[in-house]
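Reading through the structure tokens given below for one structure.
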Amino acid sequence: MSAIERREITGFSNPTVKYLRNLRDKKHRKREGKFLAEGLRLLTDARECGRLPETLVMAGKRDAHPLLDELEAAVAGNGGDIIETTPDILTKITGKDNAQAVVGMFAEFDTSLGALDRSRGDIWMVAQALRDPGNLGTMLRTCDAVGAGGLILIDDCADPFSMEAVRASMGAVFTQQIGRATWDEFVPWLRGADGQLVAASLRDAVDYRGAPYNAPCFVLVGNESRGLPEAYEGECDLRVTMPMKGRADSLNAAVAGAVLAYEVLAAVEK
1 MSAIERREIT
11 GFSNPTVKYL
21 RNLRDKKHRK
31 REGKFLAEGL
41 RLLTDARECG
51 RLPETLVMAG
61 KRDAHPLLDE
71 LEAAVAGNGG
81 DIIETTPDIL
91 TKITGKDNAQ
101 AVVGMFAEFD
111 TSLGALDRSR
121 GDIWMVAQAL
131 RDPGNLGTML
141 RTCDAVGAGG
151 LILIDDCADP
161 FSMEAVRASM
171 GAVFTQQIGR
181 ATWDEFVPWL
191 RGADGQLVAA
201 SLRDAVDYRG
211 APYNAPCFVL
221 VGNESRGLPE
231 AYEGECDLRV
241 TMPMKGRADS
251 LNAAVAGAVL
261 AYEVLAAVEK
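Under our numbering, residues 1 to 270 are what the sequence shown spells out, in order.
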């Protein structure tokens, strides 16, 4: 096997460093169609899902690991760019003081509704105007945990390809299908085939435990502070409520989605 070719970068002003650092900004990501993921675990998850970074950036001084060797060989075999650099430059690229020893640049996935395979799961998560990237990443992890088909983002949501969302997903950004659409696009797509739309609500709602869930079930979660618009709730086939025993009047959006997803999972697996 031929030796793997690596580029060495030591200067902060290098154009590649500037390009990669700019991918932390949404506008630059959208224009370039690229995003960053850091850490050997995330990049290994990506490789196992058939997704390889176009550029692999590694610390020159790093601990040897067989998974990193396999990743580097796969990227090189796919014609990717492999860069060795300093921990300080990795920190500049990622914006983290304790940056991981490896970072990958990926091409963004097709997030159109038409690219989704509806037969992929009996449960889907749907988030409307979710603004916190940590919540978005957590919802992706929930999708992975319950064997969902994926996560559909409605209206003005946080960017699933931001570094914060990718980190919070713990690799689920690579295992899950992701769709993005407006509400007016989503509803005709949903009604174009079988699918039950379920949301947590206080309007004409039944207890979430033992509710009549049907597969495929689309679990809809609203904005962290405002919840779902009334018209959106009105479109739902089933509205459920969760008991609040303390002073809090609601759960965190991602937590509520996880609770509902597991209740749906129990129902559809019977």
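Virtual Cβ for every residue (Gly too), placed ideally from N, Cα, C.
Measure from the alpha carbon of residue i to the alpha carbon of each residue in the options, then state which is nearest.
{"i": "Gly227", "options": "Gln100, Leu130 and Leu20", "result": "Leu130"}
{"i": "Leu42", "options": "Gly150, Met163 and Ala148", "result": "Met163"}
{"i": "Leu40", "options": "Phe161, Val240, Asp81 and Arg167", "result": "Arg167"}
{"i": "Ala254", "options": "Asn223, Gly192, Gly60 and Ser119", "result": "Asn223"}
{"i": "Ala64", "options": "Ala101, Ala115, Phe174 and Gly195", "result": "Ala101"}
{"i": "Val103", "options": "Cys49, Ser119 and Arg62", "result": "Arg62"}
{"i": "Cys143", "options": "Asp156, Ala158 and Met170", "result": "Met170"}
{"i": "Asp117", "options": "Asp194, Ser225, Arg247 and Glu70", "result": "Asp194"}
{"i": "Ala215", "options": "Leu190, Asp204 and Ala205", "result": "Leu190"}
Measuring straight from C-alpha to C-alpha, what distance separates residue i and residue j?
{"i": "Met58", "j": "Glu38", "result": "10 Å"}
{"i": "Ile93", "j": "Glu8", "result": "15 Å"}
{"i": "Ala74", "j": "Leu52", "result": "8 Å"}
{"i": "Ala261", "j": "Ala127", "result": "13 Å"}
{"i": "Glu269", "j": "Ala200", "result": "21 Å"}
{"i": "Arg31", "j": "Leu23", "result": "10 Å"}
{"i": "Ala76", "j": "Arg21", "result": "22 Å"}
{"i": "Val17", "j": "Ala145", "result": "35 Å"}
{"i": "Thr10", "j": "Arg180", "result": "38 Å"}
{"i": "Asn252", "j": "Pro15", "result": "41 Å"}
{"i": "Ile83", "j": "Pro160", "result": "25 Å"}
{"i": "Cys49", "j": "Gly95", "result": "26 Å"}
By the DSSP assignment, the beta strand (DSSP E) with residue i in it spans what residues?
{"i": "Cys217", "result": "Cys217 to Val221"}
{"i": "Thr241", "result": "Leu238 to Thr241"}
{"i": "Met163", "result": "Taken as a continuous stretch (DSSP letters only), Met163 belongs to no beta strand (DSSP E), being part of the alpha helix (DSSP H) at Met163 to Ser169."}
{"i": "Ile178", "result": "Gln177 to Ala181"}
{"i": "Ala193", "result": "Element bounds for Ala193: n/a, residue is neither H nor E."}
{"i": "Gly150", "result": "Gly150 to Ile154"}
{"i": "Thr16", "result": "Taken as a continuous stretch (DSSP letters only), Thr16 belongs to no beta strand (DSSP E), being part of the alpha helix (DSSP H) at Pro15 to Asn22."}
Keeping to the same chain, check which residues put their C-beta closer than 6 Å to that of residue i; ignore five residues upstream and five downstream.
{"i": "Met1", "result": "Below a pLDDT of 50, predicted positions are generally treated as unreliable, and Met1, at 44, falls in that range; no measurement from the model is reported."}
{"i": "Met244", "result": "none"}
{"i": "His28", "result": "Asn22"}
{"i": "Ala267", "result": "Tyr213"}
{"i": "Gln196", "result": "Asn214, Cys217 and Asp237"}
Assuming contact is defined by CB atoms lying nearer than 8 Å, are residue i and residue j in contact in what I supplied?
{"i": "Ile154", "j": "Phe106", "result": "no"}
{"i": "Leu202", "j": "Ala172", "result": "no"}
{"i": "Val198", "j": "Leu238", "result": "yes"}
{"i": "Trp183", "j": "Tyr213", "result": "no"}
{"i": "Leu136", "j": "Gln176", "result": "no"}
{"i": "Met242", "j": "Val221", "result": "no"}
{"i": "Gly121", "j": "Ala148", "result": "yes"}
{"i": "Gly60", "j": "Thr85", "result": "yes"}
{"i": "Ile89", "j": "Val219", "result": "no"}
{"i": "Thr311", "j": "Asp25", "result": "In the structure as shown, the chain starts at 1 and stops at 270, and residue 311 therefore has no counterpart that could be examined."}
{"i": "Gly257", "j": "Met125", "result": "yes"}
{"i": "Thr108", "j": "Phe174", "result": "The sequence as given places Glu at residue 108; Thr does not occur at that position. No, the pair does not count as a contact, with Cβ atoms beyond the cut-off."}
{"i": "Val240", "j": "Asp204", "result": "no"}
What residue does the alpha helix (DSSP H) around residue i start on, and which one ends it?
{"i": "Met139", "result": "Pro133 to Val146"}
{"i": "Thr88", "result": "Note that residue 88 is Asp in the sequence shown here, rather than Thr. Looking at the DSSP string, the run of the alpha helix (DSSP H) that includes Asp88 is Pro87 to Thr94."}
{"i": "Leu42", "result": "Leu40 to Glu48"}
{"i": "Leu113", "result": "Element bounds for Leu113: n/a, residue is neither H nor E."}
Return the chain-ordered list of same chain residues with a C-beta closer than 8 Å to the C-beta of residue i, the five sequence neighbours on each side being excluded.
{"i": "Leu67", "result": "Leu40 and Thr44"}
Between which residues of its own chain and residue i is the CB-CB distance below 7 Å, once the five residues before and five after are set aside?
{"i": "Thr111", "result": "Ile178, Gly179 and Arg180"}
{"i": "Asp156", "result": "Ala129"}
{"i": "Pro87", "result": "Ala59 and Ala99"}
With a threshold of 8 Å between beta carbons, is residue i in contact with chain D?
{"i": "Gly33", "result": "Among the chains of the structure shown, chain D does not appear; only one protein chain is present."}
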